[in-house]
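Peer 1:
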């Protein structure tokens, strides 16, 4: 192996050349790695998205199949027990009572704009209570719970029913009777999308849901 003699200046230039070359190669590798990452990620996302679409379609079709398959049982159940108009959900169980499927809809609270006007009048009445004695402040706290809203800013129908009962029981609440009635008349419940829930018994006898939501799997 031939030995190359270098001066100090040549050695310095050579080392600088090697360092510059290594830096260029590192930058090029990083650039290539970033390109590879983007391509890999894009390919994975597109593949998984397609699988997700197919899975979503299968779940949607399964949901339809559940309702189609159980339609006859629901019709006979309604004929036997006369619950067609009242039930918001139906539960079907196997003979061994080890599996059950529930179908139905949730009823969601919704009110027209007059409910907000009436609630505002009740809050004005509450403001007068806050200035009075301890008994009035207790009543204020009670009313505050009844006119509280959910995370979507809606009044709760169940609370309004409780408020109606309190108005009937307490003469001091007579001034807000008409506003409670306004809220009751403004109630326009909406139904959620239909749902299905599958459950099976565990060895301990408890019901355990069969997860159909990716978060729960």
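In the UniProt record's numbering, the protein residues as written are 1 to 217.
In this text, a Cβ means the ideal position worked out from N, Cα and C, and glycines have one as well.
Remember, it's a predicted structure, so these values are computed and weren't measured experimentally.
Can you name, in chain order, every residue of its own chain whose Cβ lies under 7 Å from the Cβ of residue 113, other than the five neighbours on each side?
Peer 2: Position 113 of the chain shown, counted from the first residue, corresponds to residue 113. So the list is empty, once near-sequence residues are dropped.
Peer 1: Going by alpha carbons, who is nearest to residue 182 out of 7, 160, 65, 193?
Peer 2: Here residue 182 refers to the residue found at position 182 when the chain shown is read from its first residue. Answer by Cα proximity: 160.
Peer 1: Out of 205, 168, 184, 24, point me to the one whose CA is closest to residue 119's CA.
Peer 2: Counted from its first residue, the chain shown places residue 119 at position 119. For the residues 205, 168, 184, 24, the minimum Cα distance to residue 119 belongs to 184.
Peer 1: DSSP beta-bridge partners for residue 111?
Peer 2: Start at 1 with the first residue of the chain shown, and residue 111 comes out as number 111. The partner list for residue 111 (beta bridge, DSSP) reads 187.
Peer 1: Do residue 115 and residue 209 count as a contact pair if the criterion is CB distance below 8 Å?
Peer 2: On the chain shown, position 209 is the one that residue 209 refers to. On the chain shown, position 115 is the one that residue 115 refers to. No, these two residues do not count as a Cβ contact at 8 Å.
Peer 1: Where does residue 199 fall in DSSP's three states?
Peer 2: The count along the chain shown starts at 1 and reaches residue 199 at position 199. Correct three-state label for residue 199: strand.
Peer 1: Are residue 172 and residue 139 close, meaning C-beta to C-beta below 8 Å?
Peer 2: Here the question's residue 172 lines up with position 172 in the chain shown. Here the question's residue 139 lines up with position 139 in the chain shown. Yes. Within cutoff.
Peer 1: Could you round the C-beta distance between residue 144 and residue 126 to whole angstroms and report it? I think they count as a contact, below 8 Å.
Peer 2: As a working note, residue 144 is residue 144 in the chain shown. As a working note, residue 126 is residue 126 in the chain shown. That pair is a contact at about 7 Å.
Peer 1: Decide if the segment 56 to 69 is in contact with the segment 147 to 161; the criterion is three or more beta carbon pairs, one per stretch, under 8 Å apart.
Peer 2: Output reads no: the segment 147 to 161 does not touch the segment 56 to 69.
Peer 1: Does DSSP classify residue 17 as helix, strand or coil?
Peer 2: Residue 17 sits at position 17 when you count from the first residue of the chain shown. Looking at residue 17 - three-state DSSP - the assignment turns out to be helix.
Peer 1: For residue 85, does the count of other Cβ atoms within 10 angstroms reach 16, so buried, or fall short, so exposed?
Peer 2: Here the question's residue 85 lines up with position 85 in the chain shown. At residue 85 the pLDDT is 49, less than 50, meaning the model places this residue with poor confidence and gives no usable figure here.
Peer 1: Using the three-state DSSP reduction, which class does residue 148 fall into: helix, strand or coil?
Peer 2: One-based indexing of the chain shown puts residue 148 at position 148. In the structure shown, residue 148 sits in coil (DSSP, three-state: anything other than H, G, I, E or B).
Peer 1: Nearest to residue 203 by CA position, among 190, 98, 158, 94, is which residue?
Peer 2: Looking up residue 203 in the chain shown gives position 203. Considering only alpha carbons, the answer is 98.
Peer 1: Determine the DSSP secondary structure at residue 106, reduced to helix, strand or coil.
Peer 2: Indexing the chain shown from 1 puts residue 106 at position 106. Coil.
Peer 1: Leaving out five residues before and five after residue 129 in sequence, what residues of the same chain have Cβ atoms less than 8 Å from its Cβ?
Peer 2: The residue given as residue 129 occupies position 129 in the chain shown. Counting only Cβ-Cβ distances below 8 Å, and skipping sequence neighbours, we find 136, 137, 139, 140, 143.
Peer 1: Taking the alpha-carbon positions, what's the residue 103 to residue 48 distance?
Peer 2: Position 103 of the chain shown, counting from 1, holds the residue named residue 103. Position 48 of the chain shown, counting from 1, holds the residue named residue 48. So the two alpha carbons sit approximately 30 Å from each other.
Peer 1: Roughly how many angstroms lie between the CA atoms of residue 91 and residue 44, to the nearest whole one?
Peer 2: The residue given as residue 91 occupies position 91 in the chain shown. The residue given as residue 44 occupies position 44 in the chain shown. About 40 Å.
Peer 1: Would you please state the rounded distance, in angstroms, between the beta carbons of residue 107 and residue 88? I believe it to be under 8 Å.
Peer 2: In the chain shown, counting from the first residue as 1, residue 107 sits at position 107. In the chain shown, counting from the first residue as 1, residue 88 sits at position 88. Confirmed, Cβ separation roughly 6 Å.
Peer 1: For residue 33, is the classification buried or exposed, using 16 other Cβ atoms within 10 angstroms of its Cβ as the cut-off for buried?
Peer 2: As a first step, residue 33 is located in the chain shown; it is residue number 33 there, counting from the start. With fewer than 16 Cβ atoms within 10 Å of its Cβ, residue 33 is classed as exposed.
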